[in-house]
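Visitor: Under full-length UniProt numbering, the residue at position 82 of the sequence shown is numbered 82, and the numbers go up by one with no gaps.
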Amino acid sequence: MAGLQAGAPTPQSITVHGASRVLEIGFSNGASFRIPFELMRIYSPSAEVKGHGPGQEVLQTGKRDVTLVALEPVGNYAVKPVFSDGHDTGIFSWDLLYELGSKQSQLWAEYEARLAAAGVDRDAPMAGKGGHGCASH
1 MAGLQAGAPT PQSITVHGAS RVLEIGFSNG ASFRIPFELM RIYSPSAEVK GHGPGQEVLQ
61 TGKRDVTLVA LEPVGNYAVK PVFSDGHDTG IFSWDLLYEL GSKQSQLWAE YEARLAAAGV
121 DRDAPMAGKG GHGCASH
């Protein structure tokens, strides 16, 4: 996931829209997406969100109003957003940003299903900072 797939679309433009809380990104194949910061935050590829293996994902809540404090380049293949809630460990490859943009409806539906299954509201505060279990090993 960290690298680019051969022939994969690459970004031609990236614009952070702070007021509407979306990342607008235009790709070399003509596709253009407006990805909400909240979607990026809840699907962050970091260990804090993904866990350290299948079934260890940490359901993210209370991220509706999250904003981008910074967007740092990572080589020629990714960006690292710094979110207003302090989260800054997710590296978003061009492939991942394309997937988030192109599959937004499906990803929102999956998120809503996970919230329902957990009996948690989208706007519920996260239970404790750093509660991802990494310190236990």
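C-beta: ideal position from N, C-alpha, C; glycine also. The structure displayed is predicted, hence computed values, not measured ones.
Spatial neighbours of Ala-2 within its chain, please: CB distance less than 8 angstroms, with the 5 preceding and 5 following residues excluded, ordered by chain position.
Guide: Looking up residue 2 in the sequence shown gives position 2. Any reading at Ala-2 needs caution, since the residue's pLDDT is 41, under 50, leaving its predicted position unreliable; the model's value is listed next. Cβ within range, chain order: Tyr-77, Ala-78, Ile-91, Ser-93.
Visitor: Please give me, in chain order, every unbroken run of the beta strand (DSSP E) with length at least 3 that falls completely inside the region 3-77.
Guide: DSSP runs (the beta strand (DSSP E)) wholly in the region 3-77: 11-17, 22-27, 32-36, 68-74.
Visitor: Judging by CA-CA distance, which residue of Ala-19, Gly-18, Gly-30, Gly-7 is the nearest neighbour of Tyr-101?
Guide: Residue 101 sits at position 101 when you count from the first residue of the sequence shown. It is worth fixing the name first, because residue 101 is Gly in this sequence and not Tyr. Closest by alpha carbon: Gly-30.
Visitor: Just to confirm, are residue 140 and Arg-34 a CB contact at a threshold of 8 angstroms?
Guide: Lying before the first or after the last residue shown, residue 140 is absent from the chain, which here runs from 1 to 137.
Visitor: Leaving out the 5 sequence neighbours to the left and right, which residues in its chain are closer than 8 angstroms to Gly-18 when beta-carbon positions are compared?
Guide: The residue labelled residue 18 in the question sits at position 18 within the sequence shown. So the list reads Thr-67, Leu-68, once near-sequence residues are dropped.
Visitor: Using the three-state DSSP reduction, which class does Ser-102 fall into: helix, strand or coil?
Guide: Taking the sequence shown and counting its residues from 1, the one referred to as residue 102 is at position 102. Ser-102: helix per DSSP, three-state reduction.
Visitor: Is it buried or exposed for His-87, if we count other Cβ within 10 angstroms and need 16 for buried?
Guide: As a working note, residue 87 is residue 87 in the sequence shown. Buried, by the Cβ-count rule.
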